[in-house]
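Chemist: In numbering that gives the first Met the number 0, the protein residues as written are 0 to 323.
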Amino acid sequence: MRIFSGIQPTGVVHLGNYFGAIRQWVELQEGNECVYCIVDYHALTNEDMKPDVLREARRELALDLIACGIDPERTILFVQSDVPEHTELCWILGCVTSYGDLTRMTQFKQKAAEQEFVNGGLFYYPVLQAADILLYLADHVPVGEDQLQHLELSRRIARRFNYRFGELFPEPQPILGKGARIMSLADPTRKMSKSYGPEHYLGLMEPEESIRKKIRSAVTDIGLKPGQEMSPGVANLFTILELVAPTEVVEGLRREHAEGKLLYKHLKDVLFRHLMEALAPVRERRAELAARGDIDEVLAAGADRARVIAREVLGEARARVGLD
Ligand code: AQP
């Protein structure tokens, strides 16, 4: 399989990114051809993004990914803007994308509703995402649940292009992991996300004390809806626990919950302990990598390999639509 996925360099990798996407990225390196992209063009849609921050965030994110287990020797790891073919294909694909489909993207609607100035990039974001994936003829995309609608749009775009200009792009299928939907600890009705502020995410490299505090103050007491056995906050803590603790620990706590004996402080303490244990190797590797001085070269080599595929596919797309 050819796997493609991307992540924005916005300064923080949080548990949602890690369990929703990156852990699968690492596993999928076994036996597949993987292309992983630091999507800095996408990060420009963020109104608060400062040039210096973006420049540095790309390197930092590359080191985070390597610390998580991405192997740039085996896998193509690169920065999106080093391969400008992405933006050219984006334009071509935009011309086979339905405006109506773009207006229905819930992520755009949510973000637009929360901002005073809504830039056009935010609206066009899913077309660029389709270009990112289709440029590598990827058939599978490991993502969190929040990206399913965008991926469905990528398939529609591929279908429409193929219908008009002849079969070129595979229709990319999602790969959803167990952590596909991690919610905010401060508001478990919303996804864990950077956009809502620091209390809404747990950073992979965040100081231990800060992680402890955020878990301790995680919201657990939002009322139950009819038919719900667990409040969204407690369910979210269990979701994360399942990703880091042995089954017998999780089952034991689930039993206590069912019997009405579970103390949430205990659940939080157990979660904190297992989470820190699970993250320890990544955090240690990241600390070692901080001194690595060759990250620009590593990313440049990744871009060279990406460009070989990108040029060929873009060339074919240009020819199909009549640009060459
Ligand atoms: N809460 C989440 N649960 C599971 N998966 C998640 N992902 C993001 N949040 C969650 C997955 O992480 C990958 C990288 O996504 P991204 O670069 O788009 O990250 P993001 O969406 O920018 O993360 P934020 O914090 O939510 O950023 P904002 O607030 O800017 O939108 C994707 O596969 C995504 O599904």
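All residues carry an ideal CB built from backbone N, CA and C; glycine is no exception.
All values reported here derive from a predicted model rather than from experimental measurement.
Can you pull the DSSP bridge partners for V34?
Modeler: BP columns for V34 point to F3, I75.
Chemist: Quick check: the Cα distance between L298 and Y40, rounded to an integer number of angstroms?
Modeler: One C-alpha to the other measures close to 16 Å.
Chemist: Keeping to the same chain, check which residues put their C-beta closer than 6 Å to that of T96; ignore five residues upstream and five downstream.
Modeler: Around T96: V126, I156.
Chemist: Going by C-alpha to C-alpha distance, which of G120, D220, M275 sits closest to L43?
Modeler: Taking only the C-alpha atoms, the option nearest L43 is G120.
Chemist: Give the range of the alpha helix (DSSP H) segment to which V248 is assigned.
Modeler: Where V248 is concerned, the enclosing alpha helix (DSSP H) stretches over 246 to 257.
Chemist: Is it buried or exposed for H265, if we count other Cβ within 10 angstroms and need 16 for buried?
Modeler: Result: exposed.
Chemist: For a test of your reading of the model: does the CB of V142 fall under 8 Å from any non-hydrogen atom of ligand 1? Yes or no.
Modeler: Yes - ligand 1 has a heavy atom lying nearer than 8 Å to the Cβ of V142.
Chemist: For K190, verify whether its CB is less than 8 Å away from any heavy atom of ligand 1.
Modeler: Under cutoff, so the answer is yes.
Chemist: Restricting to Cα atoms, I'd like to know which of L53, I75, R215 is closest to V307.
Modeler: When only C-alpha atoms are compared, the closest one is I75.
Chemist: May I ask whether a heavy atom of ligand 1 can be found less than 8 Å away from the beta carbon of G19?
Modeler: Under cutoff, so the answer is yes.
Chemist: Is it right to say W24 is buried, meaning 16 or more other beta carbons lie within 10 angstroms of its own, or is it exposed?
Modeler: Label assigned to W24: buried.
Chemist: Please classify P8 as buried or exposed, where buried requires at least 16 neighbouring CB atoms within 10 angstroms.
Modeler: So P8 counts as buried.
Chemist: Excluding five sequence neighbours on each side, which residues of the same chain lie with their C-beta closer than 8 Å to the C-beta of E315?
Modeler: Hits under 8 Å: L167.
Chemist: Could you name each continuous alpha helix (DSSP H) segment of 4 residues or more that falls completely within the segment 10 to 73, going from the start of the chain to the end?
Modeler: Here the runs fully enclosed are 22 to 27, 39 to 42, 50 to 67.
Chemist: Hey, G15 and S192 are a contact pair by Cβ (cut 8 Å); roughly how many whole angstroms apart?
Modeler: That pair is a contact at about 7 Å.
Chemist: Kindly say whether Y162, judged by its beta-carbon, lies nearer than 9 Å to any beta-carbon of chain B.
Modeler: No chain B is present in this structure, which holds just one protein chain.
Chemist: To the nearest angstrom, how far is it from the Cα of A129 to the Cα of R282?
Modeler: Using only the alpha carbons, I get a separation of about 32 Å.
Chemist: In this structure, how does DSSP classify V269 when only helix, strand and coil are distinguished?
Modeler: Residue state, collapsed to three classes: helix.
Chemist: Cα-Cα, which of H139, P83, T219, L322 is closest to Q28?
Modeler: Measuring from the Cα of Q28, the nearest candidate turns out to be H139.
Chemist: What does the alpha-carbon distance come out to for the pair G202 and G321?
Modeler: Taking the straight line from one Cα to the other gives about 47 Å.
Chemist: Taking 8 Å as the cut-off, is the CB of M104 close to at least one heavy atom of ligand 1?
Modeler: For ligand 1, not one heavy atom lies less than 8 Å from the Cβ of M104.
Chemist: Can you tell which of L60, G30, R319, L270 has its C-alpha closest to the C-alpha of K213?
Modeler: Minimum Cα distance to K213 is reached at L270.
Chemist: With 16 other CB atoms within 10 Å as the buried threshold, where does Q146 fall?
Modeler: So Q146 counts as buried.
Chemist: Verify the contact flag: S216, CB atom, against every heavy atom of ligand 1, threshold strictly below 8 Å.
Modeler: No, the Cβ of S216 stays beyond 8 Å of every heavy atom of ligand 1.
Chemist: With a threshold of 8 Å, are at least 3 pairs of Cβ atoms found where one atom belongs to the segment 237 to 244 and the other to the segment 167 to 184?
Modeler: Contact holds: three or more Cβ-Cβ distances are below 8 Å.
Chemist: Beta-carbon separation of E144 and G19 under 9 Å?
Modeler: Yes. Within cutoff.
Chemist: Tell me, please, which residues DSSP counts as bridged to K190.
Modeler: DSSP lists M182 as partners of K190.
Chemist: Hey, how far is the Cα of D220 from the Cα of G232?
Modeler: Going from the Cα of D220 to the Cα of G232 covers about 7 Å.
Chemist: With which residues is V140 paired in a DSSP beta bridge?
Modeler: Looking at the DSSP assignment, V140 forms a beta bridge with P173.
Chemist: Contact check, C36 vs Q79 under 8 Å by CB: the rounded distance?
Modeler: With a Cβ gap of about 5 Å, C36 and Q79 count as contacting.
Chemist: Which partner residues of G202 appear in the DSSP bridge assignment?
Modeler: Per DSSP, H13.
Chemist: Quick one: is the Cβ of Q7 within less than 8 Å of any heavy atom of ligand 1?
Modeler: Answer for Q7: yes, Cβ within range of ligand 1.
Chemist: Could you pull out every residue in the same chain whose Cβ sits closer than 6 Å to the Cβ of L60, ignoring the five residues on either side in sequence?
Modeler: Excluding positions up to five away in sequence, the list reads P8, I37.
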